[in-house]
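Q:
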Amino acid sequence: MDGGACSSCLDGILIPKRKQILFTYQGQQYRIPDVTVYVCNTCDEEIIEAKEIRKMEAIAKQKQNAPLLGEA
9 MDGGACSSCL DGILIPKRKQ ILFTYQGQQY RIPDVTVYVC NTCDEEIIEA
59 KEIRKMEAIA KQKQNAPLLG EA
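With positions in the sequence shown counted from 1, the corresponding number in the numbering used here is that position plus 8.
(1) Comparing alpha-carbon positions, which option in Lys63, Val43, Thr32, Arg62 lies nearest Arg26?
(2) Using only CA atoms, which one of Asp52, Asn73, Tyr46 lies nearest to Ala58?
(3) Any idea what DSSP makes of Ile56, helix, strand or coil?
(4) Who are the Cβ neighbours of Leu18 in its own chain at under 7 Å, not counting the five residues just before and after it?
(5) Under the three-state reduction of DSSP, which class applies to Gln34: helix, strand or coil?
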């Protein structure tokens with residue numbers, strides 16, 4: 009996808025960026041660090057590839073199943 013044309017504005021180029029994403033999984037919000045997002049240099053549209061979404065889901069699921077501090 010790197011360097012590809014933006015499908016939203018059809019004018020810009022998609023540039024990869026690493027950033028933190030606020031992700032909702034099964035009704036809960038999670039902050040997922042270091043996600044690759046492609047950002048249009050013209051309209052600022054952000055696109056996340058399916059493989060990154062699968063990674064975010066796996067991280068959220070792992071955090072969802074982690075015990076809270078103080079719980080045994």
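Ideal Cβ positions, reconstructed from N, Cα and C, are used throughout, including at glycine.
A: According to the data block:
(1) Val43
(2) Tyr46
(3) DSSP places Ile56 in coil when its eight states are reduced to three.
(4) Within the same chain, and ignoring the five residues on either side of Leu18 in sequence, no residue has its Cβ closer than 7 Å to its Cβ.
(5) coil
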